[in-house]
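Residue numbers for the sequence shown follow this note's numbering, so the first one is 40 and each next one is one higher. Cβ coordinates follow ideal geometry from the N, Cα and C atoms, glycine included.
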Amino acid sequence: MQKLVIEGGKPLFGEIITQGAKNAVLPVLAACVLCKGTVRLANCPCISDRYASARILTALGARVTTEGSSVSVCCDDADSPNIDSALMKSMRSSIIFMGALLGRYGKCTLSCPGGCNLGPRPIDMHIAAMKRMGAEITDEHGAISCNAPKGLTGCRHSLSFPSVGTTENIMLAAVCAEGETVISNAAREPEICCLADFLRACGAKISGDGSGRIVIEGVRELYPPKDPFEIIPDRIAAATWLSCAACAGGELLVRNCNPAHLEAVIPIFEQTGCRIRVFGTNIYIHRRERLTAPETIRTTVYPGFPTDAQAIIMAPLCTARGTSVFVENIFENRYRHTEAMRSMGADIRAEGKVAVVTGVPALHGTVAEAPDLRGGAALVCAALGAEGTSEIYGVNYIDRGYEDTERLLCSAGADVKRISE
Ligand code: EPZ
């Protein structure tokens, strides 16, 4: 059991380099199943979900070698289309292997994925899409068997919701399928474009990614990009570091990010009174005085305000002047962090989709458990600005999506220690 012990009240001064995107590297690692030869990836975040993906690839018979943020994957000797339930349960993104394994073998057996408890998180759209492409799928007490004896055939998908994972699964199933696939109402997140860029670098014929309508022409096989493929920066990690400064005060330079991916987030920080300067791949933030509540924050699909930043932006607003209103439109149960924030003195009432945060003058330290990945990150942000000491348990959640949390924050002047009990 590990905890982060955080001495609050210390303004940040310094810079933090943004890691590669968790939600981009995971589908790219799954896509390696479809590639002949050795794929080289760069800027992969050193986080536990990445290692979980590597364990799945190894279990499938692939050779995975890593050196820091560089990862090489060779699936030439891979021979298994099956993923055991323990590996499937290790994260949500394991479900993305369905499309890749069906694309390579025409069959696979897996089970329901894991991931943060944000509500039911069904996979009905994934299953329906694979069936439309010719897979016969049975689900017996959670064991999912997929079989496409004639291989997969491209078709038209019109998603009822622009699901990120479903869009990714269809892309992976379609790149080597027979004929053309069109995905209407596709997810438009930057991580979708990153996956499309990777697949194009491997010889896939994909267009329209980022537009909401993706067109894929199946090809016979994919081959490794000639140069190491670089994973995009993690926009949610960048937002997290901005929030740390908004909570703790001081000045922070968030480097190696893509500000264009944060066009719905940066204005919220500015509305609260933080001074923001964007130049190149850097975002500078300076928080001088007490923040002010921004307009209502409604989470939605990209390019709107991301659900993954909801808890993170709530942290600094707990002590803002005025009342902040949140509407969580993506997940059914994504206010689990509010209980811990209330234990720090926050005044938050959450019911259904809506959370109302009435700013208090200051938060105080607490002992709390991270409820999920982004909720845990939000508690770290809040603890940095709180008076006194906080102990945040459930660091395993935070490690799923953030590399080097305590080292990065201490390099910017925070007092954060990881204690193993
Ligand atoms: C991805 O999850 C991200 N995870 C999530 O990030 C992110 O919050 C989410 O997209 C939305 O942007 C990864 O990329 C690994 P969805 P995913 O399919 O693919 C419902 C983080 O903290 N739905 O777009 O699971 C679903 O229940 C994580 O980094 C169905 O009903 O998200 C949810 O309400 C958390 N049936 C909504 O759609 C389905 O078959 C959005 O899900 C699929 C989804």
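For Ala182, list the residues DSSP reports as bridge partners.
Sequence index remark: in the sequence shown, residue 182 carries index 143 (1-based). In DSSP, Ala182 forms a bridge with Ser150, Glu179.
What does DSSP give as the partner residue(s) for Leu43 in the beta ladder?
Sequence index remark: in the sequence shown, residue 43 carries index 4 (1-based). DSSP lists Ile431, Arg457 as partners of Leu43.
Just to confirm my understanding: we take Lys146, look at its own chain, exclude 5 residues before and 5 after, and list those with CB closer than 7 Å. What are they?
Sequence index remark: in the sequence shown, residue 146 carries index 107 (1-based). Cβ within range, chain order: Pro120, Cys185, Asn186, Ala187.
Simplified DSSP state of Cys215, which is helix, strand or coil
In the sequence shown, the residue the question calls residue 215 occupies position 176. Correct three-state label for Cys215: coil.
Just to confirm, does Cys232 get its C-beta within under 8 Å of one of the non-hydrogen atoms of the ligand EPZ?
Here residue 232 refers to the residue found at position 193 when the sequence shown is read from its first residue. No, since every heavy atom of the ligand EPZ falls outside the 8 Å radius drawn around the Cβ of Cys232.
Quick one, which of Ser282, Val110, Val254, Tyr90 has its alpha-carbon nearest Gly218's?
The sequence position of residue 218 within the sequence shown is 179, counting from 1. The residue with the shortest Cα to Cα distance from Gly218 is Val254.
Tell me, which residues are paired with Arg316 by DSSP?
By one-based count along the sequence shown, residue 316 stands at place 277. The partner list for Arg316 (beta bridge, DSSP) reads Tyr323.
heavy atom of the ligand EPZ below 8 Å from Asp163 C-beta
Within the sequence shown, residue 163 is the residue found at index 124, counting from 1. Because some heavy atom of the ligand EPZ lies under 8 Å away, the Cβ of Asp163 counts as near it: yes.
Could you check if Cys70 belongs to the surroundings of the ligand EPZ, using beta carbon to heavy atom distance under 8 Å?
Translated into the one-based positions of the sequence shown, residue 70 becomes position 31. With the sequence shown as reference, residue 70 is identified as Ala, and Cys is not the correct amino acid for it. Every heavy atom of the ligand EPZ is 8 Å or more from the Cβ of Ala70, so no.
Within 9 Å, strictly: CB atoms of Ile458 and Leu43:
Residue 458 sits at position 419 when you count from the first residue of the sequence shown. Residue 43 sits at position 4 when you count from the first residue of the sequence shown. Yes, the Cβ-Cβ distance between Ile458 and Leu43 is below 9 Å.
Just to confirm, does Pro345 get its C-beta within under 8 Å of one of the non-hydrogen atoms of the ligand EPZ?
Taking the sequence shown and counting its residues from 1, one reaches residue 345 at position 306. Pro345 Cβ: within cutoff of the ligand EPZ.
Option nearest Thr377 by Cα separation, candidates Ile275, Arg195, Met353
Working through the sequence shown from its first residue, we reach residue 377 at position 338. Measuring from the Cα of Thr377, the nearest candidate turns out to be Met353.
Residue interval of the beta strand (DSSP E) (run including Phe308):
For the purposes of this step, residue 308 is taken as residue 269 along the sequence shown, with counting starting at 1. Counting along the chain, Phe308 falls outside any beta strand (DSSP E), though it belongs to the alpha helix (DSSP H) covering 305-311.
Considering only heavy atoms of the ligand EPZ, does any lie closer than 8 Å to the CB of Ala202?
Counting from 1 along the sequence shown, the entry for residue 202 is found at position 163. Sequence inspection shows Ser at residue 202; the Ala mentioned does not correspond to that position. Under cutoff, so the answer is yes.
With a threshold of 8 Å, are at least 3 pairs of Cβ atoms found where one atom belongs to the segment 190-199 and the other to the segment 168-175?
yes
Can you list, in chain order, the residues of its chain whose CB lies under 7 Å from that of Ser382, leaving out five sequence neighbours each side?
As a working note, residue 382 is residue 343 in the sequence shown. Around Ser382: Thr405, Ala407.
Spatial neighbours of Asn62 within its chain, please: CB distance less than 7 Å, with the 5 preceding and 5 following residues excluded, ordered by chain position.
One-based indexing of the sequence shown puts residue 62 at position 23. Excluding sequence neighbours, Asn62 sits near Glu230.
Near Gly249, what residues of its chain come up, given a Cβ to Cβ distance below 6 Å and the 5 sequence neighbours on each side ignored?
Here the question's residue 249 lines up with position 210 in the sequence shown. Result list for Gly249: Arg227, Cys232, in chain order.
Please work out which residues of its chain come closer than 8 Å, Cβ to Cβ, to Glu460, disregarding the five sequence neighbours upstream and downstream, and give them in chain order.
As a first step, residue 460 must be located in the sequence shown, where it is residue number 421. Met40, Gln41, Lys42.
Who are the Cβ neighbours of Gly181 in its own chain at under 6 Å, not counting the five residues just before and after it?
Start at 1 with the first residue of the sequence shown, and residue 181 comes out as number 142. Once the five neighbours on either side are set aside, the close Cβ partners of Gly181 are Ser150, Cys151.
So the candidates are Ala69, Asp443, Gly414, Glu367; which of them puts its Cα closest to the Cα of Met210?
Position 171 of the sequence shown, counting from 1, holds the residue named residue 210. Checked all of Ala69, Asp443, Gly414, Glu367; the closest Cα to Met210 is Ala69.
DSSP beta-bridge partners for Asp88?
Reading the sequence shown from its first residue, position 49 is the one you call residue 88. DSSP output for Asp88 lists no bridge partner at all.
Please determine whether the Cβ atom of Phe370 lies at a distance below 8 Å from any heavy atom of the ligand EPZ.
What you label residue 370 is simply residue 331 of the sequence shown in a count that begins at 1. Correct: Phe370 has its Cβ closer than 8 Å to the ligand EPZ.
Considering only their Cβ atoms, is the gap separating Asp88 from Gly391 smaller than 9 Å?
As a position in the sequence shown, residue 391 is number 352, starting the count at 1. As a position in the sequence shown, residue 88 is number 49, starting the count at 1. No; because the gap between Cβ atoms is not below 9 Å, this pair is not in contact.
Cβ separation of Val272 and Cys296, assumed to be a contact under 8 Å, to the nearest whole Å:
As a position in the sequence shown, residue 272 is number 233, starting the count at 1. As a position in the sequence shown, residue 296 is number 257, starting the count at 1. Residue 272 is actually Pro in this sequence, not Val. Their Cβ separation, rounded to whole angstroms, is 5 Å, which keeps Pro272 and Cys296 in contact under 8 Å.
Please state the DSSP three-state secondary structure of Ser129.
By one-based count along the sequence shown, residue 129 stands at place 90. Three-state DSSP puts Ser129 in coil, outside helix and strand.
Ala284 to Tyr432, Cα distance in whole Å?
For the purposes of this step, residue 284 is identified with residue 245 of the sequence shown, where counting begins at 1. For the purposes of this step, residue 432 is identified with residue 393 of the sequence shown, where counting begins at 1. Ala284 and Tyr432: Cα-Cα distance of roughly 22 Å.
Hey, would you say Thr77 sits closer than 9 Å to Ala277, going by beta carbons?
Position 38 of the sequence shown holds residue 77. Position 238 of the sequence shown holds residue 277. Contact: no.
8 Å Cβ shell around Pro264 - same chain, five flanking residues per side excluded:
Working through the sequence shown from its first residue, we reach residue 264 at position 225. Once the five neighbours on either side are set aside, the close Cβ partners of Pro264 are Val78, Arg79, Phe237, Ala240, Cys241.
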